[in-house]
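Chains as they are written, first to last, in UniProt numbering: chain A, 1 to 413; chain B, 1 to 413; chain C, 1 to 413; chain D, 1 to 413.
Note that the Cβ used here is the ideal one computed from N, Cα and C, for glycine as well.
There are 4 protein chains.
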Amino acid sequence: MMNFEQSERSLAWMERVRAFMDAHIIPAIPTYHAQAAAIDRWTEIPPVFEELKARAKAEGLWNFFMPPSDHDDEYFTSPGLTNLEYAPIAELMGRVSFASEVFNCMAPDTGNFEVLHRYGTPAQKERFMLPLRDGVTRSAFLMTEPAVASSDARNIQTAIRRDGDHYVINGRKWWSSGAGHPKCDFFVLMGKTDPDAAAYHQQSMILVPRDMPGVTLVRHLPVFGYDHAPHGHFEVLLEDVRVPAENMLLGEGRGFEIAQGRLGPGRIHHTMRNIATMEVALEKMCRRLLTRRTFGKTIAEHSVWEERIARARCEIEMARLLCLKAAHMMDTVGNKAARAEIAMIKIAAPKMAQQIVDDAIQAHGGAGVTDDFGLAELWANTRIVRLTDGPDEVHERQLARMELDKYRAELAA
Amino acid sequence: MMNFEQSERSLAWMERVRAFMDAHIIPAIPTYHAQAAAIDRWTEIPPVFEELKARAKAEGLWNFFMPPSDHDDEYFTSPGLTNLEYAPIAELMGRVSFASEVFNCMAPDTGNFEVLHRYGTPAQKERFMLPLRDGVTRSAFLMTEPAVASSDARNIQTAIRRDGDHYVINGRKWWSSGAGHPKCDFFVLMGKTDPDAAAYHQQSMILVPRDMPGVTLVRHLPVFGYDHAPHGHFEVLLEDVRVPAENMLLGEGRGFEIAQGRLGPGRIHHTMRNIATMEVALEKMCRRLLTRRTFGKTIAEHSVWEERIARARCEIEMARLLCLKAAHMMDTVGNKAARAEIAMIKIAAPKMAQQIVDDAIQAHGGAGVTDDFGLAELWANTRIVRLTDGPDEVHERQLARMELDKYRAELAA
Amino acid sequence: MMNFEQSERSLAWMERVRAFMDAHIIPAIPTYHAQAAAIDRWTEIPPVFEELKARAKAEGLWNFFMPPSDHDDEYFTSPGLTNLEYAPIAELMGRVSFASEVFNCMAPDTGNFEVLHRYGTPAQKERFMLPLRDGVTRSAFLMTEPAVASSDARNIQTAIRRDGDHYVINGRKWWSSGAGHPKCDFFVLMGKTDPDAAAYHQQSMILVPRDMPGVTLVRHLPVFGYDHAPHGHFEVLLEDVRVPAENMLLGEGRGFEIAQGRLGPGRIHHTMRNIATMEVALEKMCRRLLTRRTFGKTIAEHSVWEERIARARCEIEMARLLCLKAAHMMDTVGNKAARAEIAMIKIAAPKMAQQIVDDAIQAHGGAGVTDDFGLAELWANTRIVRLTDGPDEVHERQLARMELDKYRAELAA
Amino acid sequence: MMNFEQSERSLAWMERVRAFMDAHIIPAIPTYHAQAAAIDRWTEIPPVFEELKARAKAEGLWNFFMPPSDHDDEYFTSPGLTNLEYAPIAELMGRVSFASEVFNCMAPDTGNFEVLHRYGTPAQKERFMLPLRDGVTRSAFLMTEPAVASSDARNIQTAIRRDGDHYVINGRKWWSSGAGHPKCDFFVLMGKTDPDAAAYHQQSMILVPRDMPGVTLVRHLPVFGYDHAPHGHFEVLLEDVRVPAENMLLGEGRGFEIAQGRLGPGRIHHTMRNIATMEVALEKMCRRLLTRRTFGKTIAEHSVWEERIARARCEIEMARLLCLKAAHMMDTVGNKAARAEIAMIKIAAPKMAQQIVDDAIQAHGGAGVTDDFGLAELWANTRIVRLTDGPDEVHERQLARMELDKYRAELAA
C-alpha cells in the first residue's frame, strides 16, 4: 500500500552514513582542499581522503550500492539494499563531491562492478573485480567517441577484431571518466566486433587493462575550466591493443544487452546526486538572500526570489519522488519495465538542477561564479549530466516513442 | 515502508468508478451535450445527467470524497477513504467535466459539506447538510470580492454585523461558483465581523440561504468566452441580508480557522483533476500527431514534438506523485504539517497543465481552439486554477517563506 | 543611414489616424458594444460602426494599407505609404478590435485586394475589387482544410476541375475568416487543379462568389468560446460549385506564387496588431498593479511583477523594431529577400504576446479571465495567431533551413 | 527617416576592421594560444599580441570607440564615430576574445578613458590618460565590494577620507577587472567621502595608481574555472592608501554622476559583444548539426533543433536592433533619455546569449563543455554579464519603475 516513508533498513544505513559524514567527512573538507592544492592532483591522492576511506571500510560502510542479487558468490555478497533503499543514501553522499568514493560507491566503478558481478567469469572476477571491491583499484568505462554522435550508440566505431586467442582493439574514445586516475586499473570498453551483424548485435564489451601497450591517454578534457582531477575525463587512443580473448564480457555482440542492464542503477545514483545538488544550491541561495540587503530590505524579501525558491522546492520534491518511484519499479518489476521512469528522471532532473544552480549563482552575485561557494563547479558538474549517458534529446525521443506506442496499434487498426 | 501501489480499498473503489464511467458516463457524453444544447442551461439540467446521478446513488457510488472522520454522527458516516486513497479516484472522475457531480463529489459542495460535518450544529446539519448529502441541493462558497485583491484574504470587506438575534450582511462577492445553479440552496460566506480584531480574527463564516431578501445574482462571469452553465461563476450583491444568528459557523472571528481546514482536501481534488486534464490533453495530442502528416512523415516523427511529449509525461508523473504525497501527509500528520506540500501542488500542477494543454492545442492546429476536441474549454478551465484559491504568487510567497524559515533563526543568532 | 524615426508622411498619417481614433472611435466603444449586444451579430452591423466607417471614408482615411505599386490603374491608385510607413499605423489601429475595418484596412480583404490589384484582369477588378475598394463588400480567403495538416500547403485537397468554360470545385475548407459576414461577397480559394504537376505547381487560386449554388456555410468555429461575429471563422463546404473559367487568378498552377506574394504585408499588419495587443495588455497590467494592494504594499511593488513588466517592455520594443526592419526590407529589397525577417516576426511576436497577455490576466486575478477588461478575448485572439498562416513550427523549420543553408555548401565541399 | 543601413563612415570603418581581422587577427589565433600556453600569463603577454597591436596602431585602427565629443583638446581628438556607428564594429571585434584590445578599444579602459577625457584636469590627463591613449598602460575600475550587495550602489563602503592635501582610502574591492594585468597603471575607484550626505551624494570617484603603498592584490577570482589572465578579476585590499587630493575626479560626492555617464556606451559595447557571441555560437551550432548523424539523418534535420536555431536567429536580430536603437538615442537625445533602452539591452541580451550558447553546447555533446570549440569559455563569459554592472534584477526594477511611472500620476489624481 502506498507509503512515502523509507524502510527501517534504509533509515538505519542513512543514519550511519549521515553520522559518518557529520563526524568525519564534512569536518575534513577544508583539509581535503588544502592538501589537494599542495599536490599534483593527477598522480597523488590527498592523504586525508585515504584516511577517510580506510575508516569507512573499517566501519563496514562499504560497497552498499549493490542491490540484492542472485549473482552472489564467493567473490561478493550483496549487502541487500534495494535501489529504493539505497537512493536516499546516494542523495546523502551527493552533498559532498568526494563522499561517494569514501564509501567505495562511486561511478563508473559501481556500474563496472555490477557488470562483473553479473556477467564476469570467475577468472575475470578474480583479476578485475576483487581489487575494485576492496577499493584498491579504480576503473573506467570507454564508450563515447569523438568522431561520431555517440548519442546513437550504433555509431560507435572502435574495432575489436578477433586474432587467434586475442582481440585486437583500434579506436579513439573520449569522456573516459577516471581513465587517468592514479589507481585506474582497467577499462570496460564497448566496440564493434561485427559490422555486418544486425544493428544491435554489432557491439561487444571487453575488459582492457589500462597499462596495455597501445593504450595512450591523449589528454584530459576540461569541463568549463575544471579538470576534475584526479578522476578527470580522458581522450584515450587504442592502437593495436591486444587483449586475451577471455577478456570478452558475456560474448561477442552482446554489448547492448550489457549496456541496458548497466545503466539503470547508475541513473538512480546520478539523479539522487542531482537532487543533492539542488538541495545544496537552494540552501546556499536562501542563506545568501537572507544576509544581503538592497533597497531597504533583505533580498529574500524581494518577491522575484520567492518565485524562484518556491519553484526550486517544488521541483526538488517532485524529482525525488519520481526517482524513488523509478527505483521502486526497478526493484519490483525490473529495469526493463521501469524503462520509461528511468528515462524520465534522466530528462527531468538535470534541467531542473541546472536552473536551480543558476538561480543560486544569481543570488550570490559575483561570488556565485567564483570558487568561494562551490556553485560554479556545481554548475559545471550539473551541466554535463544533460550530455552524459546520452543527451536529453535521445531520452526524450525514447520516452515520446513509448508514449506514442500506446496509441499506434489502435490507430493503425 | 515506501511503496507506490494504491491500497486494496482504493483499487476497489477505482475499479467501481472506472466501470461506472465506462458503462454509463462516457457513452452518455454525446447525449449530455445534445440535451444541453437544447435547453436553457441556467435553469434546466440535461435529463441524462439526473439519470446518471440517480444510478450512481443507487449503486452506492456517492459521497465517497469524505476522509475518515471523528465527526461522524447520525447525519453522516464517512465512507473511510483516506485522502491518499481518494486522490486517484478524483483523477479518474476528472477526465469527464461533469463526472464528479454524478457521484456527488463536486466542489464547492465537498468543501462546504466537510465544513458542516466538522463544525455544523445539529440544526445547521439538518437544514443545510442533509439535502446536500442526498444530492437534492447544491451550494456556493462566497469569499472573493471584486473591489479588493482577495489574494490577501485580510482584504475582504463584506460586513457581517450583529443585530439582535440576527446578522446583517452587506457586501459584494464574485467568483461565487455555483451560486446560480438551479439547485443552489445556500452560501457559505466569509466576511468581517470585527474590523478592530487582530488581523486573522476579523473574519467569520456564516450560512446564507440563497433565496434571502437582499441577495442579488448580479451577473454570471464568463471564463474565456465559456459560461460554465449551469454551475457558472457569479457576482453576488448582498444588501442588508438578515440571517438568524444561529447561522454563524463555529463562532465569530474564526473564519480563517475554518478556511485553513477547508482548503486542504480541495487542493488535492483540484490537483488530481489537473492531472486528469494533462492526461487527457496528452492523449489527444499523441493521437492527433500520429494521424496527420507533413513534409513526408507523421507529425509525431518531428522531434520538436518528442520533446513536448516527453516533458508532458515527466511532469504528469511528478505532479501526481507530489499530490499523492501531500495527500498521504494530510492523512498521517495532518493538514497543517502538510502545508508546504499542499502549497507545492497548488503552485506546480496548474502551470504544467496550462503548458500541456497549450501544446495539445498547437498539435491540433486550428481544431485546437474550437470546441471540436474540448481542448479550448480545457485550457480555459485550467487557466483559472492559477487564480482560484489564491493566485500562484501567494502560494509561492508562502512556500518560499517556509523554506527561508529553515535558516532564519540560525542566521539571526 | 540608420535612423529610427518615421518619415514625415508616416507621421502625418499616424497623426490623422490617432486624432480620428481619439475623437471618434474610442468614444464610440461603449455604444458599439451596447448595439452589438442588442442585435443578431451574424446578420446585422452595429449602426455606430457604419457611421464611423462613412466618416473615415469621407475624411480620406481609407485603403491606405496599399504599398506603392506599379499595378496602379484606373481602378485604384495606391496612396503611397510604404510597408514601413504603414506599420506604425497598423499598430495604432490594432489597439481597438474593430478599428482597422473602419478605415477599410482589415484582413483578409487587404490581402485579397492586393491580389486583385496585382494579378486581376480588368473584368475581375470591376466585378470583385471595386466594391471591396469602396467598402461595400467584404471577402474571405479559403485555404485551410479540416481533413489535412494544412501547415504543409501541398496537402490541400480541394479539387478545381476544368469543365468546358467553367471550373467545378469540390472540397471542404475551414478557418475561412469572414465567410459569414453579412457583406461577404466572394472568396479567394486555393485548390488543386493538377494533382500530377510538380509539388509547387499543383495548386491554383480562383475567385468564388459566395452565393454560388453548392457553397454551404456549415458552421462557424468558436475561438476559446468567442464567436468573433460578424466576421467569424467558418467551415465551408463546396459541392460541384461551377464558376466561370475567367475567375481563375493568374493561371492554373500558380497558387503558390500568389500565396507567396500575398502573405508578406499581411504578416507585417498581423505583427503590428500583436504589438498593439502587447502594449494594451502591458498598460492594463501596470494600471491594475498600481491600484491593488496585498501584504502592505501595492502589487506593483512586488518584484516578481517588476521582472514581468521589464520583460514585456523589452520584448515589445524588440518585436516592433524587427517588424519595422522586415517592412523596410520588403520595401527596399522585396518580399523574397525579406523572407527570413518575415518568418522571424511570425515566430517571435505571437509567443511574446501570448505571454504578456497571460501575465496581464494573472495581474488582474479573476477579473482577467472575464470580459471586464477584454483580456480574455485578447488572449484568445493572440493564441490563434500562432496557428494562422501556418503554425510556429512551419516557420521555424523554414527559418532554420535558411540559417543552415549558409553553411551547407561549404561543408559539403 | 527610418532606415536600417549603417552610415558610409561606419561601413568604411567596419570594412577596415573586418579586413584587419581577416588578414591578421584570425590567422594569429592559433599562435596566440600556443604562445599563451608557454608563458606565465599573469606577467607576460604573448608576443604575437603586441605585434598585432603595433600594427593596428600603425594603421590608425586605434581608439575609435570614442563618440564625438565637445571635450576634445590637445590630449585627444575624438575620431567621430557615433555610438550607433561604432556599435557594429564592436560586434565585429567581439567575435575574437582579444580583438578589442588589439585596437585599444577594450573595457574597462574605454570607460576610464572617457571619464578622464570628459572630467579629467589637464594634470590628470597627462599623468593617466595619455599612456592609456597610446596603449602603453591599462587600468581598472574598482566599484563592487565583497561585503555588501553592490547591486544597490549606495551600499558601497570603501572610505575615502580627506587628510590635509591627501585622501586616505580604506576598503576591500573585488571584481576589479584588469587590476592584475602586467600593464595596469591605475584604478578609478568609487568610495564614500561623506556617509552623512544625501544618499546619492555620499560617493566619489578618485584615481589611484596601482603601485601605491597599501594596495594589495589579494587574489584573482576564477569564473567557472577560467582565470581570464592576463586581464583577470581581482580582489583588492586598500589599507591607508594615500593619494594626492588632486586625484579626485570632478569633486567630492559626484561619484554617482560620473557613474551614470560612464555606463551608457559600455552597455552598448557589452551588448554588441554579446551579440557577437550569439552569432559565433549559432554558427558553430549549425556547422556541428550539419556534420553529425543520428538515427539515419543529420542532427540538423531533427526538428527540435530547427526550433532552437529559429529562436536564436530571431533573438539575435531583435537584440541587435534594440541595441542600435539605444545607441541612436544616446547619440541624438542623450544617455539620460535613453535610460530605458539602455536598461532593456542590459536585461534582454545576456539572457538570450546564455540560452543560445547553452544550446550550442548541447549541439556539440561532450565536445561542447571542453575547450575544443571555445563554447564553455564563451558560456562562462556570457554568464557573468548577467551580474556585471548590476544583476538583471536591478535593471528590471529600474525599467519596471519607469514603465509604472507612466500611469502613477494619473492614477493618483
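Close CB contacts of Leu237 of chain C within its chain, under the 7 Å cut and outside five residues either way in sequence, are with Arg172, Thr216, Val218 (chain order). Taking 7 Å as the CB threshold, Glu306 of chain D lines the interface with chain C.
Only exposed fits Arg162 of chain B, as fewer than 16 other CB atoms lie within 10 angstroms of its CB. Counting only residues of its own chain and dropping the five nearest sequence neighbours on each side, Phe224 of chain C has a CB closer than 6 Å to the CB of Ala380. Note that the region 298-315 of chain B does not touch the region 54-62 of chain B; fewer than 3 beta-carbon pairs, one per stretch, sit closer than 8 Å. Annotation for Met190 of chain A: no alpha helix (DSSP H) segment contains it, though the beta strand (DSSP E) segment containing it runs 184-192. Here the C-alpha atom of Ala348 of chain D lies approximately 18 Å from the C-alpha atom of Ser151 of chain D. Listed along chain D, the residues sitting closer than 7 Å to Ser303 of chain B by beta-carbon distance are His302, Ser303, Val304. Annotated three-state conformation of Val333 of chain A is coil, per DSSP. Neighbours of Thr144 of chain C across chain B, judged by C-beta separation under 9 Å: Gly365, Gly366.
Around the Cβ of Thr144 of chain C, a 10 Å sphere holds 16 or more other Cβ atoms; the residue is buried.
Listed along chain C is no residue with a C-beta nearer than 7 Å to that of Ala281 of chain D; the closest approach is about 12 Å. Per the C-alpha coordinates, the member of A:Ile206, A:Ala281, A:Asp227 positioned closest to Gly253 of chain A is A:Ile206. Cβ contact annotation for Ala99 of chain D (same chain, cutoff 6 Å, sequence separation greater than five): Ile25, Met93, in chain order.
Glu235 of chain D has D:Arg219 as its beta-bridge partners, per DSSP. Our two residues, Ala140 of chain C and Gly390 of chain C, have alpha carbons roughly 17 Å apart in a direct line.
Contacts with chain A at 7 Å (Cβ-Cβ) do not include His270 of chain B. Using beta-carbon distances, His328 of chain C counts as an interface residue toward chain D, with a partner under 7 Å. Between Leu375 of chain B and Ile361 of chain B, the C-beta gap is smaller than 7 Å, which places the two residues in contact. Burial is judged here by how many other beta carbons sit within 10 angstroms of a residue's own beta carbon; Ala12 of chain D has fewer than 16 and is exposed. Take the alpha-carbon of Phe49 of chain A and the one of Tyr32 of chain A: they are about 7 Å apart. Bounds of any alpha helix (DSSP H) do not take in Ile206 of chain D; it lies within the beta strand (DSSP E) bounded by 203-209. Residue environment for Asp22 of chain C: exposed (fewer than 16 other C-beta atoms within 10 angstroms of its C-beta).
Residue contact check for Phe4 of chain C against chain D: a CB pair falls below 7 Å. Interface with chain A (7 Å Cβ-Cβ cutoff): Ala179 of chain D is excluded. If you check each beta-carbon in the region 288-302 of chain B against every beta-carbon of chain A, the ones closer than 7 Å belong to Leu290, Thr291, Ala300. Look at Leu404 of chain A: its C-beta is under 7 Å from a C-beta on chain B.
Residue-level contact check: Val333 of chain A does not touch chain D, since none of the beta carbons of chain D fall below 7 Å from its beta carbon. Under the three-pair Cβ rule at 8 Å, the region 291-298 of chain B does not count as touching the region 112-128 of chain B. Legend: CB atoms of the region 68-88 of chain B lying less than 8 Å from CB atoms of chain A belong to residues Leu84. In the DSSP secondary-structure assignment, Val243 of chain C is bridged to C:Tyr167.
Remark: C-beta atoms of Leu142 of chain A and Ser177 of chain A do not approach each other more closely than 7 Å. Taking all protein chains shown into account, Asp359 of chain B has 16 or more neighbouring C-beta atoms within 10 Å of its C-beta and is therefore buried. Interface annotation, Cys314 of chain C: in contact with chain D, CB-CB separation under 7 Å. Scanning chain B for C-beta atoms nearer than 7 Å to the C-beta of Trp175 of chain C yields Gly366, reported in chain order.
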